Structures are given as structure tokens and as C-alpha cells.
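Here's the structure, in C-alpha cells; my notes come after.
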Amino acid sequence: MDIKKVYAGSLFDRLMRYAASDYYPFHMPGHKRQGSDMFSIDITEIDGFDDLHHAEGILKDSMEQAAGIYGSDESCYLINGSSGGILSAVSGCVTRNGKILIGRNCHRSVYNGIFLNGLETVYLYPQIMEGLGIQGGISAEDVEKALRAHPDTQAVMIVSPTYEGIVSDVGKIAQAAHDHGIPLIVDEAHGAHFSFAEEGSFPRSALVQGADVVIQSLHKTLPCFTQTGIIHMKKGYLGQERMERIKAYLSIYQSSSPSYLFLASIEGCILYMEQEGKEKLEELARMLEVFRERCKDLKSIYVPGREWVGKAGIYDMDPSKIVMSTGYGKRNGIWLDDHLRRSYHLELEMKEAGYALALTSLWDRKEGLERLFQGLRGADRLILEEMEKGHAKTGSGMERKGSWKERMIRQEIFQERIMPRSVCKIQEAKEKEWEECRIDDCAGRAAADFIYLYPPGIPCLTPGEIVSEKLIEKIKLYDDIGASVHGLKKEGDAKKIRVIKG
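Position 379 of the sequence shown, counting from 1, maps to 379 under my numbering, and the rest follow consecutively.
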């Protein structure tokens with residue numbers, strides 16, 4: 001393929017031609033296009049290069065081209081990541097002090113939008129993948145039930161796929177929202193590749209299943225710069241007024257000095273995916289199928305696949321997300337993450353109490369997946385050897401192989417769903433006076449800040465919710481095993497969180 005022909009007339013092509021010209025840059029940025037090849041095409045909104053927040057030329061044409069490729073009524077480039085698109089969607093679809101129905105497992109940027117707009121929140125709780133401690137899908141029945149109970153809801157928002165690749169039945173959820181005359185917003189940050197996949201190899205994008213606003217992070221699964229994304233809108237149940245409001249908020253939540261490197265990266269990524277990228281994506285699907293088949297021989301580590309579809313509210317699963325379930329014993333997900341880093345120089349995306357997560361993309365190679373498999377096989381041997389020694393010492397009559405299911409019995413608190421009671425809206429709680437309190441003394445108090453694990457940034461406690469004994473136990477356990485708990489402050493042996501005064 002002739003790359004020059006692919007990008008002819010594109011934003012990247014024009015940037016390269018401008019860099020090769022004799023124009024002297026009396027404009028931002030301060031490097032004056034010197035020092036590296038990237039600097040030479042890092043420009044500002046000069047003549048001929050349009051303005052992202054008032055696109056009338058090359059950027060307008062580029063985004064219209066993207067909308068045509070994706071099948072949206074309008075698509076806008078995101079240079080502040082999916083977070084900027086999510087904030088804009090929440091703000092544009094729900095009026096100030098209005099009500100929104102969201103999946104409890106939504107990203108913290110959704111909660112930031114709720115806070116900024118003083119919204120009342122109704123939560124949808126995903127089902128649990130029994131034995132794994134991983135959140136499953138959100139059911140359309142729960143959406144319908146919640147909308148009947150809260151007829152003043154202005155929008156529904158879910159995340160699909162989740163960080164772990166769990167896809168909900170977006171089609172039915174969209175229908176439930178539309179039956180009540182409101183739009184469905186889908187955080188599809190981790191599913192930007194869905195739109196370019198062949199039927200059956202990866203899940204279908206939320207956009208073709210009836211969602212009204214879909215936000216995707218191109219950089220998460222596609223070859224694109226970090227901080228790049230795209231937001232798609234369908235006019236149907238969204239309406240022109242909401243579309244205009246979303247675009248207006250994009251100019252608020254995104255930088256007024258957008259990076260042309262990011263913009264060219266977005267356009268180039270989409271052009272690449274529309275052509276040779278599709279073939280690379282199918283190649284990835286085949287490699288992942290082989291990888292999972294080999295992982296079936298592991299005795300103490302479980303790598304789930306599409307066998308979970310139809311259970312726990314799961315409509316489909318993204319095979320590019322490799323969940324490696326270890327159980328909650330000494331050799332847990334946090335241990336596995338550290339072991340693969342130290343012994344095999346493999347850097348994973350996320351570690352959790354009972355599993356670790358590896359993300360793949362169409363530019364992953366066979367040798368990378370081979371190293372991961374060898375790492376898992378080595379970890380599997382270590383776990384089994386340790387269990388055999390333990391059985392020999394105790395004379396235990398337990399089954400020798402010690403499968404992942406048997407080891408899930410421990411520390412059930414990690415798998416238990418806790419639904420905190422709220423006493424006020426997030427914005428109200430954030431504006432109240434607060435104090436730091438030892439977590440052991442916080443039971444019955446209302447939280448003044450978010451508590452969440454990062455990644456993935458999903459709150460286990462939001463401002464205005466009552467801290468329970470079970471939640472205290474869970475937060476302390478997460479900290480004890482080495483998880484990164486944001487909102488938990490440690491001073492020596494003391495662990496503190498912020499609670500509302502009084």
C-alpha cells in the first residue's frame with residue numbers, strides 16, 4: 001500500500017508540506033518547529049488549518065469524513081481524551097440539577113460531570129461474574145425498572161465494554177431509554193476497535209446498536225497518540241438542540257489550544273483502520289483465539305473467554321482484554337502483576353485483588369503473546385508447587401490441582417456487592433465542610449470525597465454516601481494487598497478518609 005496516497009490531502013499531509021515550506025513561524029508554540037520532526041509540524045490555528053472549536057475547513061471536512069466511516073450523524077475529535085467527551089455528553093444531555101441514570105461502574109469522569117452540574121443520580125448495578133469478583137453486564141430489565149420508578153430521568157449512561165471487556169446488551173438498553181423518550185450515552189472508550197471488526201470476531205459497536213452518543217478512546221486500542229478520542233452522535237432521540245449543547249460543552253472541557261499532532265493522529269488512525277487496519281484486527285482475533293485455547297491447560301489461573309456470554313448480564317465479551325483470574329489467596333492478581341513484571345518484563349494494564357489484566361491491540365505480535373503465555377505457565381507452576389507443599393504439611397485432603405474455583409472461597413468480601421446509601425447529592429456533599437477521620441471510626445458518617453481504585457477509576461464510595469462497616473473492611477483489604485486506593489490517606493499506621501463534618 002502506498003502510504004503517501006492514503007494520506008494525500010489529509011491534515012497530516014498538509015502539516016508535512018507546511019513543515020517543508022519556508023514559512024517562518026511567528027506563532028505558538030515556542031519551539032518554533034525546530035528540534036525534532038514532531039516539533040516541525042506542531043502548530044497553532046494558523047491560516048489554512050481551521051479551528052477545532054469553529055471548524056469550517058479542513059477539520060470540518062475531516063470530521064465529516066469520520067462520521068461517514070462510523071455511520072454517525074456527527075462526529076467530533078477529542079484531544080482531551082474520552083473524559084472531555086464524557087463530560088460534554090453528560091452536561092449536554094442533562095439540564096443543571098436534573099436526573100441521570102448511570103451504571104455504578106462508570107468512570108470517574110462521569111461522576112465529575114454529575115458533580116459539576118449538580119445532578120441527581122440513580123444507579124444501575126451490574127451483575128457479578130460468580131466466583132470471579134468481576135462485574136458483569138447491566139440488564140435492560142433493570143434499566144426499564146429504574147426508568148419507571150424515576151420518570152423524570154433525562155438520560156441513561158452505561159460503560160460498554162468495561163475495563164475487563166464486558167459488553168452489555170446495548171440494543172435493548174437503548175430501546176428501553178427510547179421508550180421513555182430519552183437518549184442513551186455509552187462510554188465505549190475501550191471499544192474503539194469494534195467499529196472496524198468483522199462480524200463475530202469482536203463485539204458490535206454501541207453506535208450500530210442504537211446508542212445516541214458514543215465516546216471512544218482511540219489511543220486505548222488503536223494506533224493513536226495518548227489523549228486522543230472521538231465522540232459520535234445520532235440525531236434521532238438526541239435531537240439537534242442536545243447535539244449543539246454537547247458541541248458547545250466540547251469547547252469548554254477541551255483545550256482552546258488543540259494539538260495538531262493529536263488531530264492529525266486521529267485522522268490518520270481512522271484512515272488506517274478503514275483500510276489495512278481491518279486485516280490486522282482480524283489477525284489479532286486469530287492470535288487471541290489460539291492464546292486462550294492454550295491457557296485452558298493452566299490449573300490455577302483462569303483466562304475467561306466468551307463462555308460467559310449469556311451469563312451475569314453479559315451480552316458479549318471483547319477478546320482483546322485478557323483477564324487472568326488468580327483467586328484471592330497469597331498469590332493474587334497483585335502478585336501476578338509483580339511476578340510477570342520482575343520475571344518476564346511484562347507490564348500489565350491493571351492489577352486487582354483477584355485478577356490481573358492485559359490489554360492487547362492490533363499491533364500486538366505473536367512473540368508478545370507467547371511471552372505472556374510462558375509467564376502465566378511459570379506462575380501457574382509456582383502456585384501449584386506452593387499448594388502441594390502446603391497440603392503435604394497439613395495433610396489436607398483437598399484436591400491436588402487447586403483450581404481457581406476452589407481458591408475463590410477466600411476473602412469473599414471482595415466479591416460482595418455493597419450499595420451505599422446516599423444522604424445528599426455529590427455536589428452538595430463536596431461543598432460541605434469536611435474533616436479527616438480514621439477509617440475505623442467512620443462507620444455511619446457521610447463521605448466527603450470519592451474512594452476508588454485506580455485504575456480503573458470506578459468509585460466504591462461517592463461523596464454523600466454513608467460509610468458502612470463492610471465498606472471499611474473492603475477498603476482496608478484493598479490497601480493491605482497493595483491496591484492503589486485513591487481517597488485513602490495514610491499517616492504512619494493510621495488510615496484516614498474525608499467525611500462531612502457534623
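Don't be surprised by glycine CBs; every beta carbon is placed ideally from N, CA and C. As the structure is a computational prediction, the values presented were derived from the model and not from experiment.
How many Å lie between residue i and residue j at the Cα?
i: GLU473; j: ASP440; result: 9 Å
i: ALA379; j: MET63; result: 46 Å
i: LEU477; j: GLU367; result: 36 Å
i: LYS428; j: SER422; result: For clarity, residue 428 is Glu in the given sequence; the question names Lys instead. Spanning the two alpha carbons is a distance of roughly 11 Å.
i: GLY118; j: LYS99; result: 9 Å
i: ASP51; j: ASN112; result: 27 Å
i: LEU453; j: HIS486; result: 6 Å
i: CYS437; j: GLY133; result: 29 Å
i: LEU348; j: TYR23; result: 44 Å
i: GLU141; j: LEU101; result: 14 Å
i: GLY305; j: GLU293; result: 10 Å
i: SER571; j: PRO459; result: The first residue shown for the chain is 1 and the last is 502, placing residue 571 beyond what the model contains.
i: ILE481; j: ILE500; result: 28 Å
i: TRP291; j: ASP297; result: The identity of residue 291 in the sequence shown is Phe, whereas the question assumes Trp. Computed Cα separation, rounded: 11 Å.
i: LEU382; j: ASP338; result: 14 Å
i: GLY492; j: SER468; result: 23 Å
i: LEU376; j: LEU218; result: 29 Å
i: ALA66; j: GLY85; result: 16 Å
i: THR226; j: PRO455; result: 16 Å
i: ASP13; j: MET129; result: 48 Å
i: ARG410; j: GLY444; result: Bear in mind that the predicted position of ARG410 carries a pLDDT of just 44, short of 50, making it unreliable; the figure below should be weighed with that in mind. Using only the alpha carbons, I get a separation of about 27 Å.
Name the DSSP beta bridge partners of residue i, please?
i: SER75; result: HIS232
i: LYS489; result: LYS496
i: ARG438; result: LYS496
i: LEU348; result: In DSSP, LEU348 forms no bridge with anything.
i: PRO459; result: TYR452
i: ALA356; result: MET324, LYS351
i: MET129; result: ILE134
i: TYR302; result: SER325
i: LYS99; result: GLU120
i: GLU199; result: PHE202
Using a Cβ-Cβ cutoff of less than 8 Å, which residues in the same chain neighbour residue i once the five nearest sequence positions on both sides are dropped?
i: LEU488; result: ILE439, ILE451, ILE475, ASP479, LYS495, LYS496, ILE497
i: GLU199; result: none
Please determine whether the Cβ atom of residue i lies at a distance below 8 Å from any heavy atom of the ligand SAM.
i: GLY487; result: Ligands displayed in this structure: none; no statement on the ligand SAM is therefore possible.
Do residue j and residue i have their beta-carbon atoms positioned less than 9 Å apart in this structure?
i: ILE230; j: ALA192; result: yes
i: LEU184; j: GLY210; result: yes
i: LEU357; j: LYS311; result: no
i: VAL309; j: TYR315; result: yes
i: GLY181; j: TYR253; result: no
i: ILE301; j: LEU336; result: yes
i: MET510; j: ALA89; result: No information on residue 510 is available, as it lies outside the stretch 1 to 502 that the chain covers here.
i: ILE109; j: LEU87; result: One point to set straight first is that residue 109 is Ser, not Ile, in the sequence displayed. The answer is yes: Cβ separation under 9 Å.
i: SER72; j: MET233; result: yes
i: ILE43; j: TYR328; result: no
i: PHE196; j: GLY277; result: yes
i: CYS93; j: ALA155; result: yes
i: THR95; j: LYS425; result: no
i: THR228; j: LEU284; result: no
i: HIS27; j: PRO258; result: no
i: ILE466; j: ALA447; result: yes
Tell me which residues share the same chain as residue i and place their Cβ nearer than 6 Å to its Cβ, disregarding the 5 neighbours each side in the sequence.
i: GLU188; result: ALA206, VAL214, GLN216
i: GLN127; result: GLY136, ALA312, GLY313
i: LYS280; result: LEU362
i: ARG400; result: The predicted position of ARG400 is uncertain, since its pLDDT is 35 and thus under 50; a value taken from the coordinates is nonetheless stated next. Closer than 6 Å at the Cβ level, and outside the excluded window around ARG400, lies no residue.
i: HIS178; result: TYR237
Whose C-alpha, out of the options, is nearest the C-alpha of residue i?
i: LEU250; options: ALA55, GLY133, HIS27, GLY277; result: ALA55
i: GLY136; options: LEU87, GLU386, THR162; result: THR162
i: ASN332; options: PRO463, TYR344, LEU346, GLU352; result: GLU352
i: SER559; options: ALA197, ILE266, PRO223, SER168; result: This structure leaves residue 559 out entirely; the chain is present only between 1 and 502.
i: SER256; options: LEU78, CYS224, SER325; result: LEU78
i: CYS106; options: THR95, SER83, GLY464, SER259; result: SER83
i: ASN80; options: ILE58, PHE262, GLY9, VAL290; result: PHE262
i: GLU45; options: VAL159, PRO29, MET317; result: PRO29
i: PRO203; options: ARG242, THR226, SER168; result: SER168
i: LYS172; options: HIS190, GLU199, GLU144, VAL159; result: GLU144
i: SER325; options: SER40, SER10, HIS27, GLY131; result: GLY131
i: PRO319; options: PHE194, THR153, GLY457; result: PHE194
i: GLU388; options: MET350, LYS220, LYS299; result: LYS299
i: LEU116; options: LYS60, PHE12, VAL170, LYS430; result: LYS430
i: SER40; options: ALA20, PHE49, ILE58, LEU59; result: ALA20
i: LEU384; options: SER160, LYS330, ASP37; result: LYS330
i: LEU271; options: LEU222, ASP37, SER139; result: LEU222
i: SER343; options: GLY268, LEU372, TRP434; result: LEU372
Leaving out the 5 sequence neighbours to the left and right, which residues in its chain are closer than 7 Å to residue i when beta-carbon positions are compared?
i: PRO25; result: LYS32, ARG33
i: MET287; result: LYS366, LEU369
i: MET419; result: TYR125
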